[in-house]
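Below is one structure, written out as structure tokens; comments come after it.
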């Protein structure tokens, strides 16, 4: 790590310590690769020096390492996905839950959480929309674990959280497929059947398996909401276990950013905006804030489709407005905070 003058900063340098403004807000997070816009921003705010990593590798070496990392994650994800399919299909047949398989999947997920750079970018490049329940179960396990890590939970707590995410929808195996895959609006009776999956999962696992109590509780409560509007018991605030609160955010995010039989997926930034709005009374405020503050930075560098038909690249995420980044379209910088333009989709 070395201290570099703002005038000597170059695109591609990787930030070694958070770059902060005078108020202590984070402008650029540690680990971010600088680009021209970020460097201009640093100079415009009269920030004199920035800590960067001193062991930068040649661009070709970095690209090769990136390709290797992407392939490793994809291979691990696909293996965990195949295991998840086997796990849930075995349970669907009424057999005893294979806890060895649960532990094997969780071991892969834990490695991804603690060792993979840009894990969210890798995660949402995986395409298994044709097998939604399996993909969703694995993704919620990964997302919940990431949030737990960001919240400072111990590794043992994160592992139990991963168990909770992986098994959170196991009760849906007892709900008729005709209801789960219905392309149109559910009737009140059908929605009531869907709501039963929380208790189905809790009862099935609790009666047959020696799993930690907080895992059972999270599975039963992951659709409860802070204001009591959730189900199955209408619990409020402190009555809801922290694991269930984390699952709720992960569940909403993955569900809304995935294709369903009855609708197309929403943009991650649209979903982040919904989570931000729901963090006041519906979803836990602290967990939502930690999630939003961290997740947005993973999309720096991604190409995006804008609502005006243009295609651009996300080049800066403002801490004060994590859901409205600065996007570069050709030679123009567009700050979505001040423009009537939204991100429709993440392209790459």
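In full-length UniProt numbering, the protein residues as written are 1 to 348.
Cβ coordinates follow ideal geometry from the N, Cα and C atoms, glycine included.
Just so we're clear, the structure is a prediction, and the values are computed from it rather than from any experiment.
Cβ-based burial, residue i [other Cβ within 10 Å; buried from 16]
i: residue 1; result: exposed
i: residue 316; result: buried
i: residue 176; result: exposed
i: residue 201; result: buried
i: residue 288; result: buried
i: residue 3; result: exposed
i: residue 112; result: buried
i: residue 52; result: buried
i: residue 339; result: exposed
i: residue 38; result: buried
i: residue 261; result: exposed
i: residue 77; result: buried
i: residue 13; result: buried
i: residue 325; result: buried
i: residue 185; result: exposed
i: residue 131; result: exposed
i: residue 83; result: buried
i: residue 41; result: buried
i: residue 267; result: buried
Residues near residue i in its chain [Cβ-Cβ closer than 8 Å; skip 5 each side]
i: residue 88; result: 133, 134, 137, 170 and 173
i: residue 311; result: 303, 304, 305, 329 and 347
i: residue 252; result: 271, 274, 275, 278 and 283
i: residue 158; result: 110, 113, 145, 148 and 149
i: residue 192; result: none
Distance between residue j and residue i (C-alpha atoms, nearest Å)
i: residue 233; j: residue 328; result: 47 Å
i: residue 272; j: residue 299; result: 12 Å
i: residue 9; j: residue 70; result: 28 Å
i: residue 284; j: residue 224; result: 11 Å
i: residue 91; j: residue 249; result: 26 Å
i: residue 297; j: residue 277; result: 19 Å
i: residue 241; j: residue 36; result: 44 Å
i: residue 204; j: residue 79; result: 26 Å
i: residue 95; j: residue 147; result: 31 Å
i: residue 216; j: residue 156; result: 16 Å
i: residue 239; j: residue 321; result: 31 Å
i: residue 199; j: residue 206; result: 10 Å
i: residue 313; j: residue 343; result: 11 Å
i: residue 73; j: residue 213; result: 31 Å
i: residue 34; j: residue 183; result: 45 Å
i: residue 50; j: residue 160; result: 38 Å
i: residue 180; j: residue 106; result: 26 Å
i: residue 331; j: residue 142; result: 37 Å
i: residue 335; j: residue 307; result: 14 Å
i: residue 162; j: residue 292; result: 20 Å
i: residue 345; j: residue 309; result: 11 Å
i: residue 104; j: residue 243; result: 21 Å
Limits of the unbroken alpha helix (DSSP H) element including residue i
i: residue 5; result: No alpha helix (DSSP H) contains residue 5, which is instead part of the beta strand (DSSP E) from 2-5.
i: residue 255; result: 242-256
i: residue 115; result: 99-115
Contact set for residue i: own chain, Cβ-Cβ below 7 Å, skip 5 residues either direction
i: residue 247; result: 140, 144, 164, 165, 168, 218 and 222
i: residue 21; result: 27 and 45
i: residue 236; result: 226, 227 and 228
i: residue 115; result: none
i: residue 86; result: 101
i: residue 43; result: 6
i: residue 47; result: 6 and 19
i: residue 195; result: 231 and 232
Unbroken beta strand (DSSP E) run spanning residue i, endpoints
i: residue 306; result: 303-306
i: residue 346; result: 343-346
i: residue 51; result: 49-52
i: residue 333; result: 332-335
i: residue 28; result: 26-28
Close Cβ partners of residue i (< 6 Å) along its chain, the five nearest in sequence each way excluded
i: residue 258; result: 265
i: residue 32; result: 15
i: residue 25; result: 319
i: residue 220; result: 198 and 202
i: residue 269; result: 323 and 343
i: residue 108; result: 76 and 80
Exercise. In chain order, which alpha helix (DSSP H) runs of at least 4 residues are fully inside the region 135-187?
Worked result: Counting only runs of 4+ residues, the alpha helix (DSSP H) found wholly inside the region 135-187 occupies 155-167 and 177-180, in chain order.
Exercise. In the region 274-324, which residue ranges form an unbroken beta strand (DSSP E) of at least 3 residues, counting only runs that do not cross its ends?
Worked result: If one requires a minimum length of 3 residues, the beta strand (DSSP E) runs lying completely within the region 274-324 are 303-306 and 311-318, in chain order.
Problem set entry | alpha helix (DSSP H) runs wholly inside the region 183-238, at least 4 long, in chain order | For the region 183-238, whole alpha helix (DSSP H) runs of length 4 or above, ordered along the chain, are 188-195, 197-208 and 213-221.
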